[in-house]
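Following: one structure in structure tokens, then a few remarks.
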Ligand SMILES: *Cc1c(COP(=O)(O)O)cnc(C)c1O
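Residue numbers (full-length UniProt numbering): 1 to 411.
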């Protein structure tokens, strides 16, 4: 006789399962999926109660995975949050946000109070930098930028009022890999909470909490969604911080749609396949670019000689398709001709989708303390291209880049 899967006892994932296995099984609790494979899309604002006593009980609970009201989600969102938590070693829970930027704002507005100082890595995602100078400044929080490659200057930057540190590895645009375990340890020694934007590697590529980070943040918009059709963010942390993040997200009214949560769950199942393929292609393409006479530098953590490559090898278990390269000669118009000549690369923001993208790179206005062009670079080598390598054949992508280099030099 057929038995509903919902009636079967829960089979917990063994702690020893590897990421690929966890990605398949994560979040698929029978109480949420019923007899089917994926949790259905529960579209719900109102949750109904049997009677007023049950209603009163619901208000008191405020626990994960309990029906209450749409702002606290329903099984589709719970399944995604649960899946992400099970991928983060040491996390007690995950809060979902309507975008990656909302996740960063939600975390920083949980940790910081007027009068506090936030130390932010100088190569942070540009909207994170803007948040420090805009939103947080308006609420009386001071943001100070630091060079994540200079541990002495970082140590010296702490003061009585430093409450949190915002890290990102590799850095946005210029892709430097910093010593996350050392930076997180120093933050802890100074009584500050460390937050890592781990969008690039994700939980399968970098074990953030295991390396001493307190809160790990991801733009699920990128690789977890993976298909350029959903915006979402997440933050995962240990028990005490998770509780605070969750309450603040409820205060701020952060909630994600169940349809989007289902899309993110669908993306999650193939995350490691896509990341492995993209990483291989990106390295092949990065090696080819490094041999081109027009290219001054390739900034790709997986490529030997790239800034922080040794730390990537030491600390990371995966890469992805996002990296940059810098052209010789400092001519932005010439660089734009190269991008415009590409046929297989879309021109547009975001990354981590199945399709390749290219955008112009000019980090100079987005740095306060780090040198750009890089210290050992020629001063005129400042303009570049950021590529997000998708799932196309890498040979085809190289051929496209080759014809675009030829067009750049010809026109
Ligand atoms: C895209 C991105 C974000 C923001 O995500 P959104 O969903 O676009 O708001 C945050 N951090 C990094 C590193 C990103 O690339």
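All C-beta atoms in this analysis are idealised placements derived from N, C-alpha and C, irrespective of residue type, glycine included.
In angstroms, rounded to a whole number, what distance separates the CA positions of residue i and residue j?
{"i": "residue 1", "j": "residue 83", "result": "Low confidence applies here, because residue 1 scores a pLDDT of 32, under 50, leaving its location unreliable and the question unanswered by this model."}
{"i": "residue 6", "j": "residue 65", "result": "Note that residue 6 has pLDDT 48, beneath the 50 cutoff, so the model's placement of it is unreliable and no number is given."}
{"i": "residue 372", "j": "residue 321", "result": "23 Å"}
{"i": "residue 302", "j": "residue 46", "result": "48 Å"}
{"i": "residue 74", "j": "residue 395", "result": "44 Å"}
{"i": "residue 85", "j": "residue 409", "result": "49 Å"}
{"i": "residue 277", "j": "residue 140", "result": "45 Å"}
{"i": "residue 236", "j": "residue 17", "result": "20 Å"}
{"i": "residue 215", "j": "residue 118", "result": "14 Å"}
{"i": "residue 21", "j": "residue 101", "result": "29 Å"}
{"i": "residue 331", "j": "residue 247", "result": "49 Å"}
{"i": "residue 164", "j": "residue 92", "result": "20 Å"}
{"i": "residue 403", "j": "residue 77", "result": "45 Å"}
{"i": "residue 42", "j": "residue 19", "result": "27 Å"}
{"i": "residue 337", "j": "residue 347", "result": "12 Å"}
{"i": "residue 155", "j": "residue 254", "result": "34 Å"}
{"i": "residue 187", "j": "residue 239", "result": "19 Å"}
{"i": "residue 284", "j": "residue 25", "result": "32 Å"}
{"i": "residue 377", "j": "residue 341", "result": "26 Å"}
{"i": "residue 72", "j": "residue 304", "result": "46 Å"}
{"i": "residue 249", "j": "residue 106", "result": "6 Å"}
{"i": "residue 233", "j": "residue 125", "result": "14 Å"}
{"i": "residue 70", "j": "residue 99", "result": "18 Å"}
{"i": "residue 68", "j": "residue 54", "result": "10 Å"}
{"i": "residue 306", "j": "residue 28", "result": "39 Å"}
{"i": "residue 143", "j": "residue 81", "result": "30 Å"}
{"i": "residue 161", "j": "residue 112", "result": "10 Å"}
Short of 8 Å in beta carbon distance, which residues of its chain neighbour residue i, apart from the five on each side in sequence? Order them along the chain.
{"i": "residue 271", "result": "23, 202, 204, 223, 224 and 226"}
{"i": "residue 292", "result": "405"}
{"i": "residue 295", "result": "289, 325, 326, 327 and 328"}
{"i": "residue 89", "result": "207, 209 and 210"}
{"i": "residue 114", "result": "139, 140 and 141"}
Given residue i, which residues of its chain have a CB within under 7 Å of its CB, disregarding the five upstream and five downstream residues?
{"i": "residue 267", "result": "224, 225, 226 and 227"}
{"i": "residue 392", "result": "344 and 356"}
{"i": "residue 258", "result": "41, 42, 43, 74, 76 and 77"}
{"i": "residue 244", "result": "110"}
Name the DSSP bridge partner or partners of residue i?
{"i": "residue 93", "result": "237"}
{"i": "residue 57", "result": "Answer is none; residue 57 lacks a bridge partner."}
{"i": "residue 358", "result": "347 and 387"}
{"i": "residue 196", "result": "167 and 216"}
{"i": "residue 405", "result": "Answer is none; residue 405 lacks a bridge partner."}
{"i": "residue 144", "result": "119"}
{"i": "residue 297", "result": "326"}
{"i": "residue 162", "result": "117"}
Please tell me whether, using a cut-off of 8 Å, the distance from the CB of residue i to the nearest non-hydrogen atom of ligand 1 is below it.
{"i": "residue 175", "result": "no"}
{"i": "residue 172", "result": "yes"}
{"i": "residue 229", "result": "no"}
{"i": "residue 216", "result": "no"}
{"i": "residue 324", "result": "no"}
{"i": "residue 220", "result": "yes"}
{"i": "residue 160", "result": "no"}
{"i": "residue 110", "result": "no"}
{"i": "residue 101", "result": "yes"}
{"i": "residue 104", "result": "yes"}
{"i": "residue 200", "result": "yes"}
{"i": "residue 234", "result": "no"}
{"i": "residue 203", "result": "no"}
{"i": "residue 351", "result": "yes"}
{"i": "residue 360", "result": "no"}
{"i": "residue 168", "result": "yes"}
Kindly list the residues whose CB is nearer than 6 Å to the CB of residue i, restricted to its own chain and excluding five residues on each side of it in sequence; keep chain order.
{"i": "residue 369", "result": "122, 145 and 147"}
{"i": "residue 435", "result": "In the structure as shown, the chain starts at 1 and stops at 411, and residue 435 therefore has no counterpart that could be examined."}
{"i": "residue 361", "result": "173, 324, 384, 385 and 386"}
{"i": "residue 169", "result": "177, 178 and 180"}
{"i": "residue 352", "result": "222 and 223"}
{"i": "residue 39", "result": "32, 33, 75, 76 and 79"}
{"i": "residue 262", "result": "41 and 76"}
{"i": "residue 242", "result": "92 and 93"}
{"i": "residue 231", "result": "99 and 221"}
{"i": "residue 218", "result": "198, 199 and 234"}
Tell me whether residue i is buried or exposed, calling it buried when 16 or more other Cβ atoms sit within 10 Å of its Cβ.
{"i": "residue 132", "result": "buried"}
{"i": "residue 52", "result": "exposed"}
{"i": "residue 198", "result": "buried"}
{"i": "residue 103", "result": "buried"}
{"i": "residue 96", "result": "buried"}
{"i": "residue 56", "result": "exposed"}
{"i": "residue 349", "result": "exposed"}
{"i": "residue 300", "result": "buried"}
{"i": "residue 191", "result": "exposed"}
{"i": "residue 260", "result": "buried"}
{"i": "residue 9", "result": "A caution first: residue 9 carries a pLDDT of 48, below 50, which makes its placement in the model too unreliable to give a value."}
Is the beta carbon of residue i within less than 8 Å of some heavy atom of ligand 3?
{"i": "residue 327", "result": "Judged by which ligands are present, ligand 3 is missing from the structure shown, whose ligands are ligand 1."}
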